[in-house]
Every structure is written in structure tokens, then in C-alpha cells.
């Protein structure tokens with residue numbers, strides 16, 4: 016897996032956090048749900064303290080998560096399963112990903128698998144099992160619009176972009192539901208912004224890093240060049256924030272205003288988007 | 005993406021912007037001279053749109069700012085401070101005489117877009133906070149060589165990663181779902197910026213997302229990292 020320290024900032028952790036990390040580590044070492052990836056993440060100090068401390072501090076070791084939290088985390092887990100297996104298959108497909116781009120996708124693959132393991136670890140026995148996926152978006156037929164997803168690199172990239180941009184909007188849409196649970200909220204946000212980093216990288220890669228619209232790191236209006244993914248971008252051209260028409264209070268053009276805010280999606284909208292990929 | 009020529013808010017020099025806004029802040033808040041030093045004299049106001057109420061910010065006679073995170077408007081003021089810093093940085097980057105020679109056309113499109121996004125964030129938070137907003141800050145960019153691509157890009161990376169960690173770490177202090185929502189809309193754009201800047205620094209490497217989880221830093225950690233770039237001292241209490 017890919018683990019890096021983050022410019023030294025990660026080392027700024029207080030003694031209480033160290034303690035939480037240590038007790039979490041030993042809990043994982045003893046538990047059957049321990050995963051090599053999360054354990055490695057803890058060893059490398061890459062799992063932020065607030066995340067590592069959730070089970071031990073917020074809800075008590077072994078305590079059941081609140082029902083609302085379970086629902087949101089299982090929703091997130093469903094999306095992370097979808098992404099992780101997608102990249103696992105993409106990396107395994109010989110001749111699909113050019114050598115020059117493999118580092119990008121092994122990085123994303125590692126992150127999505129860590130997210131799956133982390134969510135499963137948090138959820139414990141409440142974790143839902145991994146569904147069966149059809150990455151052609153054919154509801155199990157294997158002959159959906161993205162049927163060549165693991166043989167045609169352009170299709171693979173297009174689906175990757177749709178998954179990442181959907182992931183960003185999906186996590187964002189659950190922030191309100193997690194608001195009472197501060198540590199879980201922060202954990203979800205820590206995943207949310209990583210999905211945004213992935214999305215930007217894939218978007219720019221699709222334009223060979225020339226940064227011409229729409230292959231830029233950000234979403235302009237509600238525009239996409241990937242056929243069949245309009246729902247992923249629906250409403251992203253919003254210019255009203257906290258009741259303010261942002262166009263009226265800045266000299267910056269409307270297009271860039273829409274780029275400056277990523278909009279959320281409801282759980283129902285996200286589930287509808289991923290439904291064709293899920294067999295059951 | 006947008007053109008290089010800017011007008012209005014994006015074109016004003018950061019320090020001129022700051023001085024003008026500070027004066028109008030003082031007028032709006034009805035504060036003058038020594039009265040500013042009185043504890044609890046936070047900016048206040050009732051706006052038609054945006055936020056409604058008084059912030060807990062205290063501005064000292066030396067311009068130092070104390071934000072009180074027990075008042076969520078000061079969490080927005082914290083975001084406003086960071087967005088001011090980022091906007092001023094990118095405005096200076098794009099306005100520099102070397103901009104066209106040290107960056108490729110593609111890189112310039114990225115940096116101009118980011119400038120525009122940060123100006124939008126700054127202008128939006130200023131409008132949303134209305135009279136509850138802190139004064140504009142005086143950027144301190146002496147350590148940055150704006151004619152050097154590496155200096156610019158490494159500073160950009162610092163600011164973007166810092167911004168992501170700041171929003172992630174401060175979300176827990178927001179009480180209103182609406183404010184949490186808008187912070188969420190901004191933080192992922194900062195993460196997109198961080199990804200693009202990091203990729204420009206090291207193309208096609210793993211650097212665009214160095215961890216499976218982004219940091220959520222405390223305001224103290226963030227402000228310590230930002231302090232070398234801001235003239236005014238900013239302190240956060242109740243966080």
C-alpha cells in the first residue's frame with residue numbers, strides 16, 4: 016500500500032492522541048476484524064487520531080454505534096466496496112492501465128481498500144457484506160453502457176471519474192446526519208476530501224494534464240463529457256449559498272463560482288446513480 | 005477556467021483591500037480607537053441574507069484577533085481568515101511579472117482558476133458574515149519568491165493542504181447544518197486544488213493524495229502554520 020507522512024504535520028499529535036492510537040492498535044491486534052491495511056496505516060501513523068479514537072472514545076470500546084451512524088457508514092461502505100473492487104479489477108486487468116499511470120491507480124486502489132477496511136472495522140458486526148457488482152452498469156447483464164470498462168482505458172477513466180465525483184457528493188450529503196457525532200463527522204470528512212483529491216487527479220488525467228475544460232480538477236457548471244453520467248453532476252451549477260446569490264457579491268465569473276462550490280447529493284440520488292452497477 | 009485579466013475584487017491589491025475593509029469594518033461595527041480593545045465587543049449585525057447575529061471576535065488595538073469558537077460565526081471567521089490568505093496569495097501569483105514565463109499555459113489555467121475560486125470563497129464568506137466579519141488581514145509574503153515556480157508551488161501546496169485540514173478539523177465546531185453544509189462544499193474544492201498543485205509538483209506520482217485519510221487539524225495547529233504569512237496575530241479560544 017501507499018503510505019506517506021504528510022509533510023510532517025502528522026507528527027503534531029498530543030499525548031492523549033498517542034494514547035488513543037496505542038489502545039486502538041492493541042484493540043485491533045486482539046480483534047478478529049483487524050486488517051493488514053488498517054494496521055499498517057496505524058503503524059505508519061496515517062490514520063488520523065480522531066478516526067483511530069472513534070471506537071474507543073466516542074462510543075466506548077465495543078459499544079454499538081448509534082443507528083443513524085450505522086446507516087450512514089453502511090451507505091459509505093457500499094460506495095467504498097464499489098470503488099475498491101473497481102480499482103482492484105482495473106489494476107489486475109493486463110494491458111488496461113499504461114505503465115506511466117499505474118502509480119496513480121495503485122495509490123487510489125490502496126486508499127479505497129483502506130476505506131473499506133476502516134469502515135468495516137468501525138461497523139463491526141453491523142457491517143453489510145460486499146454486494147456483487149456489474150461495472151458495465153448493466154444491472155448484472157454485463158452488457159451495460161460501460162461494457163468495455165476493463166478493456167478500454169478511456170472507459171475505465173470515465174467510470175473512475177464518475178465514481179470519484181459521486182463519492183465526494185455522497186459523503187458531503189451525509190455531513191448533516193453525522194453532525195451530532197463529531198468524531199465520526201471528522202472521519203467522514205477526512206475520507207471525503209481524499210475522494211476529492213482522487214477525483215481531481217482522474218479528471219486531469221483524462222485531459223492528459225492539459226487542464227482544458229471539462230478535463231480540469233474541478234466541476235464547471237453541471238458539465239460532464241462522460242455520457243450517461245448527468246445525474247452525477249446534477250445541481251452542481253448552483254450559485255445560491257446560504258441564501259446569497261454569489262454572482263451578486265463577487266467580480267468572479269459565474270462559471271468559476273460554480274467550480275468553487277461542490278454540491279451534495281442525497282443518499283437516494285447516490286443510490287440511484289450506483290444502482291445499475293449493483294447486482295445485489 | 006477564466007482569462008488572465010481580472011477586475012473588481014480579484015484585481016485589487018491585497019493590502020489595499022485590507023486597509024479599506026478594515027476602515028469599513030470599524031465603521032460598521034461602531035467601534036473606534038480604544039473602544040476596540042474592550043473585550044466582548046465583537047462585530048455584530050443582522051443581515052437580510054447570510055448569517056444573523058454577533059460574532060465573538062475581539063480585535064485588539066494592535067490588530068490582533070481573538071476568535072471564540074463557542075460562537076460558530078467565529079468558525080466562519082476562521083475560514084474567512086484562511087480564504088483571505090489564499091486569495092491574496094494567488095492574486096499576487098497571477099499578477100507577478102514572471103507568471104507567464106515560469107508556468108506553462110496549462111499550469112496558468114490551474115492557478116488562475118484557483119485564484120478565482122479562492123476570491124469567490126473570500127467574497128462569499130465576507131458577504132455571508134456581513135457585519136459579523138473580522139477585518140481583512142495584511143498578508144506577509146516576504147518569504148515567498150513569486151518569480152520562482154518552486155517557491156510558488158510549494159507555498160500553494162502548503163496553503164491548500166492547510167486549508168483542507170482546517171475545514172476538516174473545524175467542522176465539529178459548527179452548530180448549524182447550513183454552515184456545515186457550506187463548509188463541506190468548500191473543503192472538497194480545496195482538496196481538488198491540493199491534488200492539482202501536488203500533481204504539478206510531481207506529475208503522475210502518488211503525491212496528489214498522500215494519505216487515505218486527510219488530516220483534520222486543530223485551529224491552533226493551523227494558525228501556527230499560517231502565522232508566518234499573516235501580519236495580525238490570530239488566536240482561537242474555546243477549541
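Protein chains in written order, with my numbering: chain H, 16 to 295; chain Z, 5 to 243.
A virtual CB, placed ideally from N, CA and C, is assigned to each residue, including glycine.
Given the structure is predicted, the values throughout are model-derived calculations rather than measurements.
Decide if the segment 111-129 of chain Z is in contact with the segment 190-199 of chain Z; the criterion is three or more beta carbon pairs, one per stretch, under 8 Å apart. Touching, yes, given that three or more Cβ pairs across the two stretches are closer than 8 Å.
Since residue 71(Z) sits in a beta bridge, which residues does DSSP pair it with? By one-based count along the second chain, residue 71(Z) stands at place 67. Beta-bridge partners assigned by DSSP to residue 71(Z): 240(Z).
So what does DSSP say about residue 234(Z), is it helix, strand or coil? Along the second chain, read from residue 1 onward, the residue named residue 234(Z) stands at position 230. Strand at residue 234(Z).
Determine whether the Cβ of residue 132(Z) lies closer than 8 Å to any Cβ atom of chain H. Taking the second chain and counting its residues from 1, the one referred to as residue 132(Z) is at position 128. For residue 132(Z), the answer is yes, since a Cβ of chain H falls inside 8 Å of its Cβ.
Taking the continuous alpha helix (DSSP H) assigned at residue 87(Z), which residues delimit it? One-based indexing of the second chain puts residue 87(Z) at position 83. Looking at the DSSP string, the run of the alpha helix (DSSP H) that includes residue 87(Z) is 76-99.
On the criterion of 16 or more Cβ atoms from any shown chain inside 10 Å, does residue 295(H) qualify as buried, or is it exposed? Translated into positions along the first chain, residue 295(H) becomes position 280. Answer is exposed; the Cβ neighbour count stays below 16.
May I have a chain-ordered list of the beta strand (DSSP E) segments no shorter than 3 residues that lie completely inside the segment 181-212 of chain Z? Taking only runs of at least 3 residues, no beta strand (DSSP E) segment lies wholly in the segment 181-212 of chain Z.
Cβ-Cβ distance between residue 236(Z) and residue 142(Z) below 8 Å: For the purposes of this step, residue 236(Z) is taken as the residue at position 232 of the second chain. For the purposes of this step, residue 142(Z) is taken as the residue at position 138 of the second chain. Cβ atoms of residue 236(Z) and residue 142(Z): closer than 8 Å.
With which residues is residue 260(H) paired in a DSSP beta bridge? Position 245 of the first chain, counted from the first residue, corresponds to residue 260(H). For residue 260(H), the beta-bridge partners assigned by DSSP are 255(H).
Alpha carbon of residue 5(H) to alpha carbon of residue 219(H), nearest angstrom: Chain H is shown only over 16 to 295; residue 5(H) falls outside these bounds and no answer can be derived.
Quick check: the Cα distance between residue 66(Z) and residue 165(Z), rounded to an integer number of angstroms? Taking the first residue of the second chain as 1, we reach residue 66(Z) at position 62. Taking the first residue of the second chain as 1, we reach residue 165(Z) at position 161. In this structure, the CA atom of residue 66(Z) is about 29 Å from the CA atom of residue 165(Z).
Under 8 Å between the Cβ atoms of residue 184(Z) and residue 194(H)? Numbered from 1 along the second chain, position 180 holds the residue referred to as residue 184(Z). Numbered from 1 along the first chain, position 179 holds the residue referred to as residue 194(H). Against a cut-off of 8 Å, the Cβ pair of residue 194(H) and residue 184(Z) comes out as a contact.
Does chain Z have any CB closer than 8 Å to the CB of residue 86(H)? For the purposes of this step, residue 86(H) is identified with residue 71 of the first chain, where counting begins at 1. No, residue 86(H) lies away from the interface with chain Z (no Cβ there is under 8 Å from its Cβ).
Candidates 118(H), 117(H), 154(H), 115(H): closest to residue 289(H) by CA position: For this step, residue 289(H) is matched to residue 274 along the first chain. Taking the Cα of residue 289(H) as reference, the smallest distance to any Cα among 118(H), 117(H), 154(H), 115(H) is reached at 154(H).
Using three-state DSSP, classify residue 146(H) as helix, strand or coil. Position 131 of the first chain, counted from the first residue, corresponds to residue 146(H). The answer is coil: DSSP assigns residue 146(H) none of H, G, I, E or B.
Taking 8 Å as the CB-CB cut-off, is residue 112(H) touching chain Z? On the first chain, residue 112(H) is found 97 positions in, with the first residue counted as 1. For residue 112(H), the answer is no, since every Cβ of chain Z falls outside 8 Å of its Cβ.
Just to confirm, are residue 259(H) and residue 58(Z) a CB contact at a threshold of 8 Å? Sequence index remark: in the first chain, residue 259(H) carries index 244 (1-based). Sequence index remark: in the second chain, residue 58(Z) carries index 54 (1-based). One thing to note: residue 259(H) has its Cβ no nearer than 8 Å to the Cβ of residue 58(Z).
So what does DSSP say about residue 293(H), is it helix, strand or coil? Looking up residue 293(H) in the first chain gives position 278. It is a strand residue.
Select from 203(H), 170(H), 211(H) the residue whose C-alpha is nearest the C-alpha of residue 111(H). Numbered from 1 along the first chain, position 96 holds the residue referred to as residue 111(H). Checked all of 203(H), 170(H), 211(H); the closest Cα to residue 111(H) is 170(H).
Report the residue from 161(H), 146(H), 144(H) whose alpha carbon sits nearest the alpha carbon of residue 152(H). The residue you call residue 152(H) lines up with position 137 of the first chain. Residue 161(H) is the option with its Cα nearest to residue 152(H).
Suppose you measure from the CA of residue 105(Z) to the CA of residue 168(Z); what does that come to, to the nearest Å? Taking the first residue of the second chain as 1, we reach residue 105(Z) at position 101. Taking the first residue of the second chain as 1, we reach residue 168(Z) at position 164. So the alpha carbons of these two residues sit roughly 29 Å apart.
Give a yes or no on whether the C-beta atoms belonging to residue 201(H) and residue 206(Z) are separated by under 8 Å. What you label residue 201(H) is simply residue 186 of the first chain in a count that begins at 1. What you label residue 206(Z) is simply residue 202 of the second chain in a count that begins at 1. No; because the gap between Cβ atoms is not below 8 Å, this pair is not in contact.
Can a CB atom of chain Z be found closer than 8 Å to the CB of residue 285(H)? The count along the first chain starts at 1 and reaches residue 285(H) at position 270. No, no contact with chain Z.
To the nearest angstrom, report how far apart residue 143(H) and residue 113(Z) are at their CA atoms. The residue you call residue 143(H) lines up with position 128 of the first chain. The residue you call residue 113(Z) lines up with position 109 of the second chain. Spanning the two alpha carbons is a distance of roughly 43 Å.
Going along chain H, which residues have a C-beta under 8 Å from residue 123(Z)? Walking along the second chain from the start, residue 123(Z) turns up at place 119. Going along chain H in sequence order, the residues near residue 123(Z) (Cβ under 8 Å) are 265, 266, 267.
What does the alpha-carbon distance come out to for the pair residue 239(Z) and residue 229(H)? Translated into the one-based positions of the second chain, residue 239(Z) becomes position 235. Translated into the one-based positions of the first chain, residue 229(H) becomes position 214. As the crow flies, the alpha-carbon of residue 239(Z) is around 40 Å from that of residue 229(H).
By Cβ distance, which residues of its chain are closer than 8 Å to residue 204(H), with the 5 residues on each side in sequence left out? Within the first chain, the letter at position 189 stands for residue 204(H). Once the five neighbours on either side are set aside, the close Cβ partners of residue 204(H) are 186, 190.
Rounded to a whole number of angstroms, what is the C-alpha to C-alpha distance between residue 296(H) and residue 254(H)? Nothing about residue 296(H) can be read from this structure; chain H reaches only from 16 to 295.
Are the Cβ atoms of residue 200(Z) and residue 215(H) separated by less than 8 Å? The residue given as residue 200(Z) occupies position 196 in the second chain. The residue given as residue 215(H) occupies position 200 in the first chain. In this structure, residue 215(H) lies closer than 8 Å to residue 200(Z) by Cβ.
On the DSSP letters alone, give me the boundaries of the alpha helix (DSSP H) that residue 165(Z) sits inside. Sequence index remark: in the second chain, residue 165(Z) carries index 161 (1-based). Segment 153-174, the alpha helix (DSSP H) holding residue 165(Z).
Helix, strand or coil at residue 160(H) [DSSP, three-state]: Position 145 of the first chain, counting from 1, holds the residue named residue 160(H). Note: residue 160(H) maps to coil in three-state DSSP.
Pull up the DSSP beta-bridge partners for residue 62(Z), would you. The residue you call residue 62(Z) lines up with position 58 of the second chain. Partner(s): 70(Z).
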